[in-house]
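Trainee: Counting in the numbering used here, the sequence shown runs from 32 upward without gaps.
Even glycine gets a Cβ: it sits at the ideal position worked out from N, Cα and C.
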Amino acid sequence: MELKYKRTNVYKVADENEIKAIVDYSEGYKKFLDKSKTERETVSTTVEMAEKAGYKPYVLGAKVKAGDKLYYNNRGKALFLIKVGSENLEENGIRILVAHVDSPRLDLKQVPLFEKADIAYLKTHYYGGIKKYQWLTIPLALHGVVMLADGSKVNVKIGDEPGDPYFYITDLLPHLAQDQASQTVSKAFNAENLNIIIAGSPLRDDEDDAVKTHALKLLNEKYGITEEDFLSAEIEAVPAINSNDVGLDRSFIGGYGHDDRVCAYPEITATLNTETTQTVLTILADKEEIGSEGNTGMQCILIKDIIDELSVAMKADPIRVRAASKCLSADVTTAYDPNFANVFEENNVAYAGHGVAMNKFTGARGKSGSNDASAEYIGFLRQAFAKDGVIWQTGELGKVDIGGGGTVAKFLANYNIDTVDLGVPVLSMHAPYELIHKADVYSAHKAFAAFIK
Ligand code: MN
Ligand code: MN
């Protein structure tokens, strides 16, 4: 019997086959990430994967039977994968996996275009918790949808294809930054200055704002849109850079939106590829970064509606099904960062490369705003993970009273469902280019597979 507890470095114990599995799995993840830079794109990429695996669209109220593989696409921004199992729903409940597919970014305002000093700009309103300065001087792409006056929908995507132009937000040269450097970070970077350069040459025969007119003409040629069409558009500026291996040993993956696609992807692969008799509900949610509000977020009653409709269709009492259900709220947590060691408590933070991390609780101060999972539920998961050789660790966000954060766990728990947070540790969380360890995303896949078995 081992008396002492110590975290396990995955690579220290993995054999050759396991390391190959980690590396191969990471290749799939990188492709997924590059195709899925927005919540809409993540949903459409996942629908593609699900359809390939035999999943069919689900309609609320439809008849279902054991063996059915279904998906419910909520407004193109959130997705439910439903795998109906043969176990008794009132006794076993549903195994629920939740991740979110929105990431911090810059949204265009509804009247975004203006011209100043013969440069055309787009005004933005940031989405989620960003450090504003990180979005300056990096290559940006524009992704989104525009509803035209005639009711048709146009998909916009510029900046990611080879040969595409980038977009760009400027920063002040250090030579003139004496004043800026003496300010606090929150004062030095003004959200109203996060204006994206989109054009710099005038239409020759035009009047005032000829650069803006030029930009509009180019947009009109490519997408058939006019300035008024921005009123009914959702366009997101995201980093134009794709994911890539980081480090000589290629053990890390750098990329945009690991939070939380690094949990969404293992949820999807575990759901699509695991043989199980359980009923599995896998949720890809929108709006987590702004509080899970709205009808595509996890506070929407649709989550309960779907569980209840499934229960009724399977001739089970929804109240009993929810009481017997179990959930993993799969969201990223921070990895220990020696560069900023003072914010972490070293015994109780997750470490990159040491497996998927469980946050028993999140919140701030005295665990305020947190779902604090029970010892009994964690005990259940410990056994399930041990049985399948899942390497996992525990992790609190930071030192007590130094900050905090929340996840969607509490919204599931509110439906009387046992829930705990389990996700991949991330370095530089919420930066335009975040870092994760390959061993950890694969460990997440193994954990989710073990959970739904
Ligand atoms: Mn997250
Ligand atoms: Mn986040």
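Between which two residues does the alpha helix (DSSP H) holding residue 380 run?
Mentor: Here residue 380 is taken as the residue at index 349 of the sequence shown, counted from 1. Element bounds for residue 380: n/a, residue is neither H nor E.
Trainee: Does the Cβ of residue 290 lie closer than 6 Å to at least one heavy atom of ligand 1?
Mentor: Within the sequence shown, residue 290 is the residue found at index 259, counting from 1. Because some heavy atom of ligand 1 lies under 6 Å away, the Cβ of residue 290 counts as near it: yes.
Trainee: In chain order, what residues of the same chain have a beta carbon less than 8 Å from the beta carbon of residue 384, not counting five sequence neighbours either side?
Mentor: Position 353 of the sequence shown, counted from the start, is the residue given in the question as residue 384. 40, 41, 42, 282, 468, 470 and 471.
Trainee: On a CA-only basis, which of 53, 295, 223 and 231 is nearest residue 112? Give me that one, please.
Mentor: Taking the sequence shown and counting its residues from 1, one reaches residue 112 at position 81. Of the listed residues, the one whose Cα sits closest to residue 112 is 295.
Trainee: Can you tell me where the beta strand (DSSP E) with residue 410 in it begins and where it stops?
Mentor: Counting from 1 along the sequence shown, the entry for residue 410 is found at position 379. Not the beta strand (DSSP E): residue 410 falls in the alpha helix (DSSP H), residues 406-418.
Trainee: Is it true that the region 305-314 meets the region 201-210, where meeting means three or more beta-carbon pairs spaced less than 8 Å apart?
Mentor: The region 305-314 vs the region 201-210: no contact.
Trainee: Residue 466: which of 329, 474, 455 and 473 sits nearest, CA to CA?
Mentor: Sequence index remark: in the sequence shown, residue 466 carries index 435 (1-based). Considering only alpha carbons, the answer is 455.
Trainee: Give the straight-line distance between the Cα atoms of residue 85 and residue 288, rounded to the nearest whole angstrom.
Mentor: Reading the sequence shown from its first residue, position 54 is the one you call residue 85. Reading the sequence shown from its first residue, position 257 is the one you call residue 288. Using only the alpha carbons, I get a separation of about 27 Å.
Trainee: Mind checking residue 433: buried by the 16 CB within 10 Å criterion, or exposed?
Mentor: Counted from its first residue, the sequence shown places residue 433 at position 402. Exposed: under 16 other Cβ atoms inside 10 Å.
Trainee: Thinking just about the alpha-carbon of each residue, which of 105, 459, 92 and 391 is nearest to the one in residue 437?
Mentor: Here residue 437 corresponds to residue number 406 of the sequence shown, with the count starting at 1. Nearest of 105, 459, 92 and 391 to residue 437, Cα basis: 391.
Trainee: So, does the region 441-451 touch the region 260-269, judging by three or more C-beta pairs under 8 Å?
Mentor: Flag = no, the region 441-451 and the region 260-269 do not touch.
Trainee: Flag this pair as yes or no: are the beta carbons of residue 271 and residue 190 separated by less than 7 Å?
Mentor: Sequence index remark: in the sequence shown, residue 271 carries index 240 (1-based). Sequence index remark: in the sequence shown, residue 190 carries index 159 (1-based). Cβ atoms of residue 271 and residue 190: closer than 7 Å.
Trainee: Please list, in chain order, all residues of the same chain as residue 117 whose beta carbon is under 6 Å from its beta carbon, the five residues on each side excluded.
Mentor: Taking the sequence shown and counting its residues from 1, the one referred to as residue 117 is at position 86. Excluding residues within five positions, the ones whose Cβ falls inside 6 Å are 97 and 308.
Trainee: Is the CB-CB distance between residue 64 and residue 213 below 7 Å?
Mentor: Residue 64 sits at position 33 when you count from the first residue of the sequence shown. Residue 213 sits at position 182 when you count from the first residue of the sequence shown. It is not a contact, given that the beta carbons lie outside the stated cut-off.
Trainee: Using only the alpha-carbon positions, how far apart do residue 61 and residue 55 sit?
Mentor: Your numbering for residue 61 matches position 30 in the sequence shown. Your numbering for residue 55 matches position 24 in the sequence shown. Cα to Cα, the separation comes out at about 10 Å.
Trainee: Nearer than 6 Å: is that true of the beta carbon of residue 72 relative to any heavy atom of ligand 2?
Mentor: Within the sequence shown, residue 72 is the residue found at index 41, counting from 1. No; taking the cut-off as 6 Å, the Cβ of residue 72 has no heavy atom of ligand 2 nearer than that.
Trainee: Assign residue 204 to buried or exposed, taking buried as 16 or more other Cβ atoms, counted over all protein chains shown, within 10 Å of its Cβ.
Mentor: Looking up residue 204 in the sequence shown gives position 173. The residue in question, residue 204, is exposed, as its Cβ has fewer than 16 Cβ neighbours within 10 Å.
Trainee: What's the gap between the Cα of residue 460 and the Cα of residue 36?
Mentor: As a position in the sequence shown, residue 460 is number 429, starting the count at 1. As a position in the sequence shown, residue 36 is number 5, starting the count at 1. Rounded to whole angstroms, residue 460 to residue 36 spans 27 Å at the Cα level.
Trainee: For residue 388, which residues from the same chain have a beta carbon less than 6 Å from its beta carbon, with the 5 sequence-adjacent residues on both sides left out?
Mentor: Residue mapping note: residue 388 aligns to position 357 of the sequence shown, counting from 1. The residues are 364, 381, 424, 426 and 456.
Trainee: Heavy atom of ligand 1 less than 6 Å from the Cβ of residue 54, yes or no?
Mentor: In the sequence shown, counting from the first residue as 1, residue 54 sits at position 23. No, ligand 1 has no heavy atom inside 6 Å of this Cβ.
Trainee: Using a Cβ-based criterion (distance less than 6 Å to any ligand heavy atom), does residue 320 qualify as near ligand 2?
Mentor: In the sequence shown, the residue the question calls residue 320 occupies position 289. Within the cutoff, so yes.
Trainee: Have a look at 134, 220 and 255 and flag the residue whose alpha-carbon is nearest the alpha-carbon of residue 315.
Mentor: What you label residue 315 is simply residue 284 of the sequence shown in a count that begins at 1. Among 134, 220 and 255, the Cα nearest to that of residue 315 belongs to 134.
Trainee: Can you tell me whether residue 35 is helix, strand or coil according to DSSP?
Mentor: The residue you call residue 35 lines up with position 4 of the sequence shown. In the structure shown, residue 35 sits in coil (DSSP, three-state: anything other than H, G, I, E or B).
Trainee: Would residue 102 and residue 130 qualify as a contact pair, given that the criterion is a beta-carbon distance under 7 Å?
Mentor: Here residue 102 refers to the residue found at position 71 when the sequence shown is read from its first residue. Here residue 130 refers to the residue found at position 99 when the sequence shown is read from its first residue. For residue 102 and residue 130, no; Cβs fall outside 7 Å.
Trainee: Are the region 337-344 and the region 145-162 touching by the rule of at least three beta carbon pairs closer than 8 Å?
Mentor: No, the region 337-344 is not in contact with the region 145-162.
Trainee: DSSP state of residue 342, grouped into three classes?
Mentor: Stepping through the sequence shown from its first residue, residue 342 is reached at position 311. Helix, per DSSP.
Trainee: So, with DSSP's three-state summary, where would you put residue 312?
Mentor: If you number the sequence shown from 1, residue 312 lands on position 281. Residue 312 falls in the strand class under three-state DSSP.
Trainee: Does ligand 1 have even one heavy atom less than 6 Å from the beta-carbon of residue 457?
Mentor: For the purposes of this step, residue 457 is taken as the residue at position 426 of the sequence shown. Outside the cutoff, so no.
Trainee: Write down every uninterrupted run of the beta strand (DSSP E) in the region 269-309 whose length is 3 residues or greater and which is fully enclosed by it, in chain order.
Mentor: DSSP runs (the beta strand (DSSP E)) wholly in the region 269-309: 275-277 and 283-286.
Trainee: Flag residue 363 as yes when its Cβ comes closer than 6 Å to any non-hydrogen atom of ligand 1, and as no otherwise.
Mentor: Position 332 of the sequence shown, counted from the first residue, corresponds to residue 363. Under cutoff, so the answer is yes.
Trainee: If we count the other Cβ atoms within 10 Å of its Cβ and call it buried at 16 or more, is residue 476 buried or exposed?
Mentor: Looking up residue 476 in the sequence shown gives position 445. When all chains shown are included, residue 476 counts as buried.
Trainee: Please return the same chain residues whose Cβ sits closer than 8 Å to the Cβ of residue 170, not counting the five positions on each side in sequence.
Mentor: Taking the sequence shown and counting its residues from 1, one reaches residue 170 at position 139. 190, 197, 198, 199, 270, 271 and 272.
Trainee: What is the DSSP secondary structure of residue 425, reduced to helix, strand or coil?
Mentor: As a working note, residue 425 is residue 394 in the sequence shown. Strand at residue 425.
Trainee: Using the beta-carbon count (16 or more within 10 Å), is residue 345 buried or exposed?
Mentor: As a first step, residue 345 must be located in the sequence shown, where it is residue number 314. Buried: at least 16 other Cβ atoms inside 10 Å.
Trainee: What does DSSP give as the partner residues of residue 359 in its beta bridges?
Mentor: As a first step, residue 359 must be located in the sequence shown, where it is residue number 328. In the DSSP output, where bridge partners are listed per residue, residue 359 has 128 and 451.
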